[in-house]
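The structure under discussion appears below in the form of structure tokens.
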DNA sequence: CGTATCGGTAAGTCATCGCTTACGGTAAGT
DNA sequence: ACTTACCGTAAGCGATGACTTACCGATACG
């Protein structure tokens, strides 16, 4: 799975997650996204480039401005990975809880 | 949300995701996890420390060995964040698709 | 007891990342 | 055409991170 790798690395950065949350409200231009963020506008541009290459956002030209939107494709890949993982992990955890519960019930094996 | 931050940073690393996938099959000792991975055993120990602090794994002592298991708590936090985000993002995307479709249908505004 | 296995920690190195300032190129307004 | 707004890119810097080898405490085993 060489695709989802970029997405996970992309959302690892807090600033990038802030950008994503702003985009969740709807499409925004770069300047609007950068306004209020604690970093400069060029930094936001670089973050948007990373997010785009990860398949998490898409962009469209609108005159002199550039509008960025969420691209559900990348998000879907991440969710798929998590879900595939989630099932087996939960099963293993349930089995582990069961095992621990048996041991806690007062069984000992060798040394009294 | 200062909690999920650590989890996202943790699974951003490919080696750490490999560790998680091995743990998905069931609890494992450190040596077993490290075997076959392209990094040294101390490196795996450091990765496990990060995963533990992120709430993604938990550990239990078994004699001289230390058994690690998946902790669904951290995974749940990530899923929650993604899901909360997923809904609004999809809605925004649907609206955006609608908007684009209207423009694609052959409307022009000013310059012929 | 002595010896071996298991695994966490310390110290140091090398690459990568996120940020800044400076610049250039395109589109819109006058 | 001149100017202004908008935004991507280049260059450089400081910080963080992943890895290695070396070391050490703790637990089983003879």
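Chains as they are written, first to last, in this note's numbering: chain G, 1 to 112; chain B, 113 to 224. Backbone N, C-alpha and C define an ideal beta-carbon position, used for all residues, glycine too.
One thing to note: residue 202(B) has its Cβ no nearer than 8 angstroms to the Cβ of residue 82(G).
Within the model, the alpha-carbon separation for residue 22(G) versus residue 144(B) is close to 43 angstroms.
The beta-carbon of residue 40(G) is placed no less than 8 angstroms from the nearest beta-carbon of chain B. Residue pairing by DSSP places residue 61(G) opposite 66(G) in a beta bridge. For residue 29(G), DSSP records a beta bridge to 67(G).
Counting along the chain, the unbroken alpha helix (DSSP H) around residue 165(B) starts and ends at 153-165.
Chain G places a beta carbon closer than 8 angstroms to that of residue 200(B), counting this residue as a contact. Annotation: residue 12(G) is outside any alpha helix (DSSP H) and is labelled neither H nor E by DSSP.
Counting of Cβ neighbours within 10 angstroms places residue 71(G) among the buried residues, the total reaching 16 or more.
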